[in-house]
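Worksheet for the structure shown next.
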Amino acid sequence: WCGAGGWRLGTFAFPRQLHWLLEAMSAVASETFTSTSAPIQYAAVAAFEPNIEIERYLWRTRHILRALGPELARRLRAVGVEVIEPVGGFYLFPDFSPLREKLAARGITTSDKLANRALEEAGVAFLPGTHFGRPREELTARLAYVNFDGATALAAAEQQPADAEIDLAFLQRYCEGPLTAVDRLCEWVAR
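This is how it looks when you write it as structure tokens:
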């Protein structure tokens, strides 16, 4: 419901004064990214055309995620995890380093071990920071928060006035999956 996982199409824009860089990047890109599949190209054409339906979808999606991300970050911070307040997208990149001693006592000293043990013991899946170029010993992770019925949440958000904030009751009713996962993760790290 939230994006097109695995569908990739990149674009770039350069100011006039960097036209020389645009030409260089175009040359590199043409040798690196040979083609985009036809379905993605057709979807991109439709997405770049003015379309009120797409605009409403994007607005409602952002409206929900703008409430959900900070709530999840707040819960993680409450147990000592460092996390930057999200301002877009649907990922958090929490840093469990403040809990290093507590986790090390349980044999968790790398982000890979952190991810594996969280999955085994708390039932929460996320990617370790190493998958994003972070050092092994850094206790970071990428946590996606879109594991809920987006169509139902969007329909419910559509029924609210446009200026109404998405509140905790809405999140608990329509975005239960990410809230439950983060609560389980918080309970697990707090042990």
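So the sequence shown is numbered by this note's numbering: it starts at 13 and just counts up by one.
Think of the CB as a built atom: it goes at the ideal place given N, C-alpha and C, for glycine as much as any other residue.
All values reported here derive from a predicted model rather than from experimental measurement.
Practice prompt. Taking the CB atoms as reference points, tell me whether V201 and F108 lie closer together than 8 Å.
Written response: yes
Worksheet item: Would a C-beta distance cut-off of 8 Å place L104 and V95 closer than the cut-off?
Response: yes
Practice prompt. Identify, in the order they occur along the chain, each residue of the same chain with its Cβ nearer than 8 Å to the Cβ of L126, setting aside the five sequence neighbours on each side.
Written response: F108, L115, I120, P140, L151, A153
Worksheet item: In the DSSP assignment, what residue or residues form a beta bridge with D107?
Response: E94, T152
Discussion item. So for P140, helix, strand or coil by DSSP?
Written reply: strand
Practice prompt. Pull up the distance between the alpha-carbon of P147 and that of P106, whole angstroms please.
Written response: 14 Å
Item to complete: Go ahead and label R28 buried or exposed: buried means 16 or more other beta carbons lie within 10 angstroms of its beta carbon, across all protein chains shown.
Response: exposed
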